[in-house]
Amino acid sequence: MGKYLVVYNTLGFPSIDRFLLFLKEARNRGVDFFEIGIPPRFAKYDGPVIRRSYSHVKSFGIDVWEVLKTVRKNIDLPLIVLTYLDDYIENLGMFVENLHTIEIDYVLFPDLLIDYVDRYQDIVKEVKDRGLKVTLFVSPSMPDKLVAEVSLLTHPFLYYGLRPATGIPIPIDPVALVKRARRLVNNTLVVGFGLSINDIANVLRAGADGVAIGTVIVEALENSEVNQALKIIETVRGVLDGL
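The sequence shown begins at 81 in the working numbering and counts up one residue at a time.
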């Protein structure tokens, strides 16, 4: 089985035209899943690069649903919508039904197992009952018992973020962290948050089934370099295929 490549970008960033161009071109370079972020009211767990992308998109305003429909129409890969549960908790059913209607495959709430951990089972069930599946996000600070439990509920993989926030290079031992998670998780394990090329090779050897990249992509697109973002994807895909 090949290793999975998950690529993140913020919805509509850096412009709607270039956002769609990037997805179409990246789709042909070995991406397995696209993770698309809806700008939240407050990005608690994102680093400065992703936060800037949210602010930029908010500054020119987009119709979230129309852009998502366009993405679905043009991209045949699985789509994971990432957004903060905090923004939709009061109208979760309607939000999930809207995602389901436009054939989004999965939803990921980065704050679910942090701010709503006491309710996570009910929330996962509600999403499932309305026709969508949840991609769950965990981190090394979470109890092993919780990581093992949620790994049985997540689709299509468990997303393991190695650092507290995206794109912030806090010193860690990626290999040790992945080995710890691998012992707990029988499901597909995808690793992200601040991975270097060397880190990617090492976490795959340690047992990860794939990697997620986002900040480095958004940073390239921030400089209007669609081609640079595509080159990064090609490089990472090469590492994945070389192992």
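Each residue gets a CB set at the ideal place from its N, CA and C atoms; glycine is no exception. Please read these numbers as outputs of a predicted model, since none were measured by experiment.
Asked	Found
Outcome for Phe140 when other beta-carbon atoms lying within 10 angstroms are tallied against a minimum of 16	exposed
Through-space distance from Val270 to Ala106, alpha-carbon basis	19 Å
Helix, strand or coil at Phe113 according to DSSP, with G and I counted as helix	strand
Ile277, enclosing alpha helix (DSSP H) - first and last residue	Ile277 to Arg285
Beta strand (DSSP E) segment containing Ile252, residue limits	No beta strand (DSSP E) holds Ile252; DSSP gives it neither H nor E.
Segment contact, 8 Å Cβ cut-off, at least three pairs: the stretch 283-295 with the stretch 258-267	yes
Residue ranges of each alpha helix (DSSP H) within the stretch 292-316, 4 or longer	295-302
At least three beta-carbon pairs within less than 8 Å, the stretch 167-184 to the stretch 253-264	no
First and last residue of the uninterrupted beta strand (DSSP E) at Asn89	Tyr84 to Thr90
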